[in-house]
Amino acid sequence: KFNEAIELHVATGADPRHADQQLREVAELPHGTGKGVRVFVFAQGDVARAAMDAGADYIADDELIKRIEGGWSEFDVAIATPDQMGKIGRLGRYLGRKGLMPNPRTGTVVQPDNIKNAIESSKKGRAELRLDRGANIHARIGTVAFEVDQILENLSSVYSTIVRARPDGVKGTFVKSVTLCTTMGPGFKLDQGELEKLTQSVR
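Here this note's numbering = 1-based position in the sequence shown + 5.
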């Protein structure tokens, strides 16, 4: 049976063409996304071994890097230590357009002693939040198999993260509308006043 995803779509008043109105954040999802997360790690030596022990699915080597250059991207998150960023730079055009480029702002460029936590956090499930060209933010917050409380707690985490991350350059209303839907189903607009109450009650 197809387990439909539950998705949150937020329309904003930002203009993503302006640098001071960009948004890129990560919301931790208390109950995950409902799907397995495959983690690719750029690290070497003891750090690479620690990453494998922590549950990384792939550790970068020459063969895997060639596969990425050939268009392969069968992973959901890429994590790197700072010393690997020079090597990753040439992969920017392959990883960047798929939203997989490691970035300090999304917690995917980490110090070696934090690699275990970063992998475990990614495996648990997070929502990467960014504006599309239409100034909308999209996030998967679970599946129809989730309990209502699980969906509400994930929803609260994503919504409060978006509100806190309001870019400095946005004038007027930032969050214009919030819509919840399943993969194949219609969208339902959510009342922002009720969302504010929800985020306060979940904290």
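Glycine residues also receive a C-beta, built at the ideal position from the N, C-alpha and C atoms.
Source: prediction; values computed, not measured.
Simplified DSSP state of residue i, which is helix, strand or coil
i	result
Glu-33	strand
Val-52	helix
Val-207	helix
Lys-194	strand
Val-82	strand
Thr-111	helix
Leu-69	helix
Cβ shell of residue i (< 7 Å), same chain only, five flanking positions each side left out
i	result
Val-15	Asn-141, Ile-142, Ile-167, Val-180 and Val-183
Pro-21	Gln-27, Leu-136, Arg-138 and Ala-140
Lys-129	Gly-37
Sequence-distant residues of the same chain with beta carbon closer than 6 Å to residue i, five excluded per side
i	result
Arg-113	Note on identity: in this sequence residue 113 is Thr, with Arg being the wrong assignment. Counting only Cβ-Cβ distances below 6 Å, and skipping sequence neighbours, we find Ile-84 and Pro-107.
Leu-160	Ile-146
Cβ-based burial, residue i [other Cβ within 10 Å; buried from 16]
i	result
Gln-26	buried
Thr-178	exposed
Gln-89	buried
Glu-133	buried
Ala-24	exposed
Gln-155	buried
Gly-174	exposed
Gly-39	buried
Arg-54	exposed
Pair within 7 Å by beta-carbon distance, residue i and residue j
i	j	result
Pro-172	Ala-19	yes
Val-207	Glu-152	no
Val-42	Ile-64	no
Val-52	Thr-17	no
Ile-124	Ala-32	no
Val-115	Ala-144	no
Nonlocal neighbours in the same chain, by C-beta distance under 8 Å from residue i, ignoring five residues either side
i	result
Phe-80	Arg-43, Val-44, Phe-45, Asp-62, Tyr-63 and Leu-105
Glu-9	Thr-148, Val-149, Thr-187, Thr-188, Met-189 and Gly-190
Ile-70	Lys-92 and Leu-96
Unbroken stretches of the beta strand (DSSP E), 3 residues or longer, contained in the stretch 95-182
131-135 and 141-148
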